[in-house]
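The next block holds one structure in the form of structure tokens; read it before the comments.
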Amino acid sequence: MLDIRFIRENKDLVSSAAAKKRIDFKIDELIALDDKRRELMAAVEKRRAEQNAANQKIAAAGSPEDRTKLIAQMKEVKSALEKDDEALKSVMKDWQAMMLRVPNIPDVSVPDGASDADNVETKSWGDKPEFGFEPKDHIEIMTALGMLDLERGSKVHGFRGYFLIGDGVKLCFAIWNHALEFFSGKGFVPVMPPAIVRKLMMYGTGYLPGGEEDAYRTQDDDYLAGTAEVPIMGFHSDEVLEAEALPKRYIGFSPSYRREAGAHGKDMKGLIRVNEFQKFEQVVLCEANHETSVRTHEEINRNTEEFIESLGIPYRTVVNCGGDLGLGQVKKYDIELWVPKESKYREISSASYFHDFQTRRLNIRYKDADGKLKYAHSLNSTAIPTPRILVSLVENYQQADGSIRIPDALQPYFGAKTIAKAIQKKG
RNA sequence: GGAGGGUUGGCUGAGCGGGUUAAAGCAACAGUCUUGAAAACUGUCGGACCUCCGGGUCCCGUGGGUUCGAAUCCCACACCCUCCUCCA
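According to the working numbering, the first sequence is numbered sequentially starting from -16.
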């Protein structure tokens, strides 16, 4: 959410922001609606003032006759007030709905473009593995080693269902343990939040309105969060934080649910795109300062890069183009990991900053040095998702004999150097 | 799922239809006093929006309703507490 005063004063900026994000937004309709809103507000407030003044008189009226007369007068004021008030309510409803769809302004450094095809590579790291054999995909490798069962996954869950089994599970635990230690070592406070969240939290983080189709909703009208960002941002909603307590840095770990409603043709098989997964997520609240946001954004993205480097998996980082940004994002980096069998990079992480777009919706403020209340800035970045990370890990570390070498950093957690055969026979 | 109690400003807590645009206390901040501090005294002491910068409006869990007028009455919902039931 942007400040309506800012929107009014920067019509062209907001308009070109929408264009850059490929979002259809008619700024003039909003301004016209806001004019109407102000006009009605002034009218209603004037009548209310009149009413308040009359209330004093009625209360203090000496004779019953005066009293009756004043009440009769006020009845007329009331009906006029009700008419304006109803008009105002109706305008407010449209106004609020429209305000929730005003896009945040992308940073000038965000490249122009329509889709992820226009994202710009800013960095690449690691040597792509050279195999002396025909490399297999993660499905074949993991299934053969008894780590993954997709057939039973779809039997039980349906499309995009999976079972992780045996060393597949142990490998996830090794990654989680490594991630927990790695990110808490960088000063992030670990949090396991509720993944079932109230609708308000989905609005606050900007997943609603607009993302209705991609989120699971319960019969109680709650939502299953697609990321720990949602509940962790809600954690401090409606709070005034101490300036000295900033930045707040959290490393959330939660199940994540995504319907993938718009992705039916994509990634039909395997662990790239699933409805239910686990994810470590970095969430930061910092002071309301653009430079601090930019610096923190670079930091949290770098944290994830370092984590991937610790796993020794080749990656590249891209800066997302305008058309690939969400409503609230100012700028976003994606980290993409090399997937040998597909011979391409696949997204594993997304790091964004929002300025006060989310905190304005969630009412997260702090008192600055002058004692003034300000909306904090918010940022988040994937730390590591499972099981998607297994796709690249397993394919990059596969050996000619079908075994998988365990990355050095994971060996202490995994307790072995390789996964060589199924610990549980298929069948 | 059932029964009951509750939700007022940073905190405690009064108010239960009109003189309250919420009493009082605590905490906080500033000043007086003091070598300094404490105490005492004096003052300040929530937020949002609109503004012709005089001021005005709104906020007593949320949303509706009754009324000339609602923190106060009615309805719905949310959350918290206690007990019963169920349960990993």
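For glycine and all other residues, C-beta sits at the position ideal for the given N, C-alpha and C.
Small disclaimer: the values here were computed from a predicted structure and weren't measured.
| Item | Value |
| --- | --- |
| Own chain residues within Cβ distance below 7 angstroms of Q341, not counting five before or after | G187, T188, G189, M216, G311, S361 |
| Neighbourhood of P89 by C-beta, 8 angstroms cutoff - its chain only, sequence neighbours within 5 removed | A0, K3, K4, G305, L308, Q312, V313, K314 |
| N-terminal and C-terminal residue of the beta strand (DSSP E) that E363 is part of | The question names Glu, but residue 363 in the sequence shown is Asn. Segment 360 to 369, the beta strand (DSSP E) holding N363. |
| Q202 (DSSP reduced to helix, strand or coil) | coil |
| Nearest to R135 (by Cα), restricted to the options K61, L147, I124 | L147 |
| Residue closest to K404, alpha-carbon to alpha-carbon, out of G109, F397, M125, A26 | M125 |
| Member of K119, R(-12), V103 whose CA lies at the smallest distance from the CA of Q382 | K119 |
| Whether S237 touches A211 by CB criterion (8 angstroms) | yes |
| Cβ pair count under 8 angstroms reaching 3, the segment 361 to 370 against the segment 98 to 112 | no |
| Own chain residues within Cβ distance below 6 angstroms of E292, not counting five before or after | none |
| Exposed unless 16 or more other CB atoms sit within 10 angstroms - verdict on N303 | buried |
| Inter-residue Cα distance where the pair is Y358 and Q265 | 20 angstroms |
| Same chain, Cβ closer than 7 angstroms to L16, neighbours up to 5 away in sequence not counted | V74, D77, W78, M81 |
| Cutoff 6 angstroms; reference M184; Cβ partners in own chain excluding five residues on either side | V213, G217 |
| Given 8 angstroms, three or more beta-carbon pairs between the segment 318 to 334 and the segment 226 to 241 | no |
| Opposing strand residues paired with E264 [DSSP bridges] | G235, T365 |
| Three-state class that DSSP yields for R412 in the structure shown | The requested residue 412 does not occur in the structure, where the chain is confined to residues -16 to 410. |
| Close-in-space but distant-in-sequence residues of the same chain around K409 (CB under 7 angstroms, 5 per side omitted) | Below a pLDDT of 50, predicted positions are generally treated as unreliable, and K409, at 46, falls in that range; the measurement from the model is reported next regardless. Once the five neighbours on either side are set aside, the close Cβ partners of K409 are G129. |
| Member of M(-16), D11, L376 whose CA lies at the smallest distance from the CA of K(-6) | D11 |
| Where T275 falls: helix, strand or coil (DSSP) | helix |
| Separation of R181 from Q202, as counted between CA atoms | 12 angstroms |
| For E134, the three-state DSSP class (helix, strand or coil) | helix |
| CA-to-CA distance, I318 to P368, given in whole angstroms | 12 angstroms |
| Beta-carbon gap between L376 and I296 smaller than 8 angstroms | yes |
| Proximal residues to L64 (C-beta, below 8 angstroms), its chain only, five neighbours per side dropped | V27, R30, R31, Q34 |
| Reference D391; option with closest CA among F165, L294, N258, R21 | L294 |
| Burial state of V374, where buried means 16 or more other Cβ atoms lie within 10 Å | buried |
| Euclidean distance between Cα positions of S137 and P176 | 28 angstroms |
| For T210, the three-state DSSP class (helix, strand or coil) | coil |
| DSSP state of Y349 mapped onto helix, strand, coil | strand |
| D317 - partner residues in DSSP beta bridges | V301, S333 |
| Start and end residues, beta strand (DSSP E) containing K106 | 103 to 108 |
| Through-space distance from I283 to G209, alpha-carbon basis | 20 angstroms |
| Pair within 8 angstroms by beta-carbon distance, L163 and H219 | no |
| Limits of the alpha helix (DSSP H) - the one that E225 falls within | Careful: E225 lies outside any alpha helix (DSSP H), inside the beta strand (DSSP E) at 222 to 225. |
| Run of the beta strand (DSSP E) containing P173, from where it starts to where it stops | 172 to 174 |
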